[in-house]
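Protein chains in written order, with this note's numbering: chain A, 594 to 969; chain B, 594 to 969.
By construction, the Cβ of each residue, glycine as well, lies at the ideal position given by its N, Cα and C atoms.
A short worksheet on the structure shown next.
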């Protein structure tokens with residue numbers, strides 16, 4: 594969609610730079626890819642090109658007007674025309690139609706999105722851990738003790754099996770050590786620098802190019818219908834804020850995530866906020882509805898997730914009166930992405946899947962429901 | 594302003610209901626309060642009322658157009674034309690003017706406001722404590738133990754001296770007991786019910802009518818210039834959210850405050866969030882910049898407070914590069930409101946005042962800078 598708009602914009606810019614074509618050739622130019630004989634026809638039969646010109650100019654203006662009004666194309670163009678897509682559209686129409694019994698005023702149209710596995714990929718491990726690993730390697734010269742202490746020693750040696758052996762405790766320790774001891778602004782820059790250069794080990798893409806095109810369309814579609822879109826992620830809030838605005842159009846104040854303790858400091862008369870080692874809040878499972886209440890203070894009416902970590906957010910979202918929407922992304926496309934669910938270490942989808950089935954929530958099959966996975 | 598707009602609207606509605614006046618009398622009607630001889634003059638000198646009609650109709654249409662465009666009046670009409678008002682306008686013009694070296698893109702125009710003493714009054718004590726006292730009295734029958742336990746016994750007897758003797762610890766205990774053991778939605782309703790009926794002991798007004806008219810104008814003025822306005826208060830976040838949207842036009846997700854721990858629960862298959870007794874976060878002093886970072890994740894460029902509890906928020910706001918604005922409301926109007934500063938138990942303004950003087954922050958004299966205090 595953005596790409597298409599950019600092309601139209603580029604075309605328009607190109608036209609404005611090139612000398613103004615004579616009146617006859619403008620229509621022909623627009624159509625010459627499909628009607629290469631237009632120019633010669635124009636010269637031979639003067640009455641036909643006038644008609645061509647009129648029709649093509651009208652069509653051109655009509656298309657331009659449609660583009661300008663956002664009717665250029667299906668807003669969910671990367672979705673196949675299946676039940677998943679239709680359930681979302683039906684919900685949005687119910688809550689936005691004035692006079693409908695399910696109408697919800699715009700300020701109350703709150704939609705919450707998990708990040709890892711819902712808006713972008715999460716394999717072979719959460720991207721934030723890949724950042725922590727790269728950052729630990731970069732900081733190693735300042736920490737000679739890491740050469741012998743686990744999990745750092747394994748990370749420095751590139752021994753992923755050794756890191757895996759350190760388990761959740763090891764990953765937490767690695768995250769804490771690489772996400773503290775600097776100001777929030779310094780950390781923000783460190784994440785931005787990493788995202789600008791690091792590449793995904795399997796796809797070779799930048800991590801911000803591993804976002805799901807169909808979900809980008811959902812974000813834009815909901816915002817176009819007066820929704821406020823929030824991220825509610827188990828990932829670190831400062832990590833996600835470093836790219837959410839540019840990548841998803843979600844400003845920092847609409848990102849909720851896990852966080853470490855912070856400390857306000859005056860150094861040489863200058864104020865700063867330091868990131869401390871201690872964990873403050875884990876925005877996962879029960880933490881998600883609590884994070885939502887703490888930050889938003891309003892009941893979401895739509896929620897999007899992909900794993901058991903999102904179950905409580907979906908339960909809370911669907912608990913209110915009126916129309917509610919809950920969606921789970923099921924990773925079942927080993928060819929174009931990854932296939933994993935009930936027994937996966939990352940993004941386990943088990944209890945939430947059962948509850949979705951029982952309650953009629955929308956379960957997206959990436960394989961069947963999505964035309965494309967990543968932006969082209 | 595709203596009152597004036599309503600009157601114009603009422604007038605317009607009235608005009609549409611009454612039979613259409615003849616052409617000569619429309620101009621006269623509009624002016625008959627000031628020119629009662631208009632009708633007779635019209636009959637005697639036909640050329641004069643045509644002129645009156647033309648001028649008055651033009652003027653009427655001009656005023657209507659101005660109203661419709663929001664240029665009806667000074668957006669800061671309740672402010673005297675002093676340095677305080679001019680410093681705010683100068684700042685807003687600097688950061689909103691395209692091409693200005695101090696231009697700030699709209700999404701980064703974050704303004705934070707303290708609540709007690711900055712947006713509404715805080716004497717004879719924080720209004721939230723008055724709510725806690727009323728709620729303790731209402732809940733007393735369910736708590737026979739309160740008849741003998743302090744500070745509850747004093748509250749039930751209406752012994753304010755006894756309550757004062759219980760000190761900060763007593764107030765905290767009272768607040769915890771009256772702000773927990775119910776869901777967030779039940780608490781929200783309890784606050785709304787109280788605000789709908791309770792009256793301020795001195796003014797006899799509803800508490801939501803004890804807001805500062807000049808500050809309401811600042812909120813509207815900033816939002817009209819692309820700012821996002823946030824409350825950053827030491828008061829309880831759930832308490833403020835119950836009225837902030839209706840009273841200030843600030844939605845719940847833009848209210849940051851102190852909070853207690855929350856618990857997500859499923860009861861009979863229905864999800865709810867319980868308010869627990871334990872304090873989770875105190876959004877005061879050092880807590881304010883931390884609350885801002887945690888909830889907004891972006892550096893404010895303007896901050897408004899009235900006490901030493903706001904100092905760190907103002908330090909953090911003014912720490913960034915580019916144009917920044919910091920304002921303190923000084924309560925120096927014993928006649929129209931209250932006068933208190935360096936030695937006050939509530940809303941103490943001492944260190945922050947000194948720093949404001951040293952750094953050239955704006956210090957508002959309620960007496961000299963504000964034409965009116967409360968909405969009429």
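- Under the three-state reduction of DSSP, residue 764 of chain B is assigned to helix.
- A straight-line Cα-Cα distance of about 27 Å links residue 964 of chain B and residue 906 of chain B.
- Of all residues in the segment 874 to 901 of chain B, only 879, 882, 883, 886, 887, 888, 889, 890, 891 place a beta-carbon less than 7 Å from a beta-carbon of chain A.
- For residue 867 of chain A, no chain B residue has a C-beta closer than 7 Å to its own C-beta; the minimum C-beta separation is roughly 10 Å.
- Residue 885 of chain A is positioned such that its CB atom lies closer than 8 Å to that of residue 825 of chain A.
- Within chain A, the C-beta atoms nearer than 9 Å to that of residue 857 of chain B come from 878, 879, 880, 881, 882, 883, 886, 905, 908, 909, in chain order.
- Contact check for residue 910 of chain B against residue 894 of chain B passes: the beta carbons are separated by less than 8 Å.
- The alpha-carbon separation between residue 941 of chain B and residue 798 of chain A amounts to approximately 55 Å.
- As a beta-bridge residue in DSSP terms, residue 703 of chain A pairs with A:821.
- Between residue 718 of chain B and residue 939 of chain B, the gap from beta carbon to beta carbon is short of 8 Å.
- Taking each of A:930, A:868, A:846 in turn and checking the Cα distance to residue 856 of chain A, the smallest one comes out for A:868.
- Counting only unbroken stretches of 3 or more residues, the beta strand (DSSP E) elements lying wholly within the segment 674 to 746 of chain B are 703 to 706, in sequence order.
- The C-beta of residue 750 of chain B comes no closer than 8 Å to any C-beta of chain A.
- Listed along the chain, the chain B residues whose CB falls inside 7 Å of the CB of residue 777 of chain A are 886.
- Distances from the alpha-carbon of residue 892 of chain B to those of A:693, A:844, A:810, A:878 put A:844 closest.
- In chain order, 863, 864, 865 make up the part of chain B whose C-beta sits under 8 Å from the C-beta of residue 912 of chain A.
- Taking 7 Å as the upper bound on Cβ-Cβ separation, chain B lies near residues 700 of the segment 694 to 710 of chain A.
- Contact between residue 804 of chain A and residue 830 of chain A fails: their C-beta atoms lie close to 18 Å from each other, not under 8 Å.
- Around the Cβ of residue 708 of chain A, a 10 Å sphere holds 16 or more other Cβ atoms; the residue is buried.
- Residue 846 of chain B reaches chain A at 888, 889, 890, 891, counting residues in chain order whose Cβ is nearer than 7 Å.
- Residue 852 of chain A belongs to the set of residues whose beta carbon lies under 8 Å from a beta carbon in chain B.
- Note on geometry: alpha-carbon atoms of residue 932 of chain B and residue 926 of chain B lie some 5 Å from one another.
- Using a Cβ distance threshold of 8 Å, residue 711 of chain B and residue 897 of chain B count as a contacting pair.
- For residue 834 of chain B, the chain A residues whose Cβ falls inside 7 Å of its Cβ are 890, in order along the chain.
- Residue 830 of chain B reaches chain A at 887, 890, counting residues in chain order whose Cβ is nearer than 9 Å.
- At least 8 Å separates the beta-carbon of residue 758 of chain B from that of residue 882 of chain A.
- In the DSSP assignment, residue 932 of chain A is bridged to A:925.
- Going by DSSP, residue 788 of chain B is part of the alpha helix (DSSP H) stretching over 777 to 790.
- If you draw a 10 Å sphere on the C-beta of residue 809 of chain B, you find 16 or more other C-beta atoms in it, and that means buried.
- In the structure shown, residue 946 of chain A falls within a helical segment according to DSSP collapsed to helix, strand and coil.
- The beta carbons of residue 791 of chain B and residue 727 of chain B sit closer together than 8 Å.
- Straight-line measurement puts the Cα of residue 688 of chain A at about 41 Å from the Cα of residue 795 of chain A.
- DSSP places residue 873 of chain A inside the beta strand (DSSP E), whose first and last residues are 863 to 874.
- Taking all protein chains shown into account, residue 716 of chain A has 16 or more neighbouring C-beta atoms within 10 Å of its C-beta and is therefore buried.
- Taking C-beta atoms under 8 Å as the contact rule, residue 957 of chain B and residue 904 of chain B fail to qualify, at a distance of about 16 Å.
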